[in-house]
């Protein structure tokens, strides 16, 4: 994978463009609640109906993968790589980690109100249609 | 974030791995990425579109790192 041929460079540019386009599409679809975001509610309801015992396990696992924990581990690995004379790899790992932290923080801060508003549906149980009247 | 670190780790390890280890690392990374998505979706922490957007950001950061690597390598050689 890591190479500096024109082909690999073009592939990297293409990946960057396609990824940003998908990210932009997700952003627009969330703002307008169409396309992919239009399916969000039905997918969330499906998971709500099937999670049972997995919910607490998933919460524990996601606590382990909190940004601070992941950034800490990545920076420790970068320091180790630096002292093992893989300085270039250490710099690239640190760059990727800092970029991810930056993007995560910006995304969180720019959409806190929006996320909180959307997240409020998880406080209530998904509404089911009322059973048909037997009378 | 985890997706980004996993993808970049595979990218950095790639030249040092044999063919078999490359296959294993891709398989492991796929399992971790899919698992991370499910971990966010199952307790209702994130929406499906949030997970897709986070994968897109991870791929974008990987491409950015690959470009930085590619351009700095060329300048280091020259």
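Protein chains in written order, with the working numbering: chain A, 3 to 137; chain B, 32 to 109. Just so you know, even glycine gets a beta-carbon here, dropped at the ideal spot from N, CA and C.
Boundaries of the alpha helix (DSSP H) in which residue 55 (chain B) is found, first to last residue: 50-72
Short Cβ contact (8 Å threshold) for residue 39 (chain B) with residue 95 (chain A): With respect to the 8 Å criterion, residue 39 (chain B) and residue 95 (chain A) are classified as neighbours on the basis of their beta carbons.
Cα-Cα separation between residue 47 (chain B) and residue 53 (chain B), rounded to whole angstroms: 9 Å
Reference residue 30 (chain A); option with closest CA among B:42, B:63 and B:80: If we check each option's Cα against that of residue 30 (chain A), B:80 comes out closest.
Span of the alpha helix (DSSP H), counted from its first residue to its last, around residue 19 (chain A): 8-34
Closest residue to residue 94 (chain B) among A:101, A:46, A:109 and A:70 (Cα-Cα distance): Of the listed residues, the one whose Cα sits closest to residue 94 (chain B) is A:101.
Cutoff 8 Å: residue 138 (chain A) Cβ touching any chain B Cβ: The structure shown has nothing for residue 138 (chain A), since chain A only spans 3 to 137.
Any chain A beta carbon closer than 8 Å to residue 68 (chain B): no
Nearest residue (CA-CA) to residue 25 (chain A), options B:32, B:82 and B:101: B:82
Top-ranked residue by Cα proximity to residue 78 (chain A), from A:45, A:99, A:20 and A:61: A:99
Within-8 Å CB hit, residue 33 (chain A) to chain B: no
Residue 61 (chain A) in three-state terms, based on DSSP: Here residue 61 (chain A) sits in helix by DSSP.
Stretch pair the stretch 14-21 of chain A + the stretch 82-91 of chain B: three plus CB contacts closer than 8 Å: yes
Close Cβ partners of residue 60 (chain A) (< 8 Å) along its chain, the five nearest in sequence each way excluded: 53
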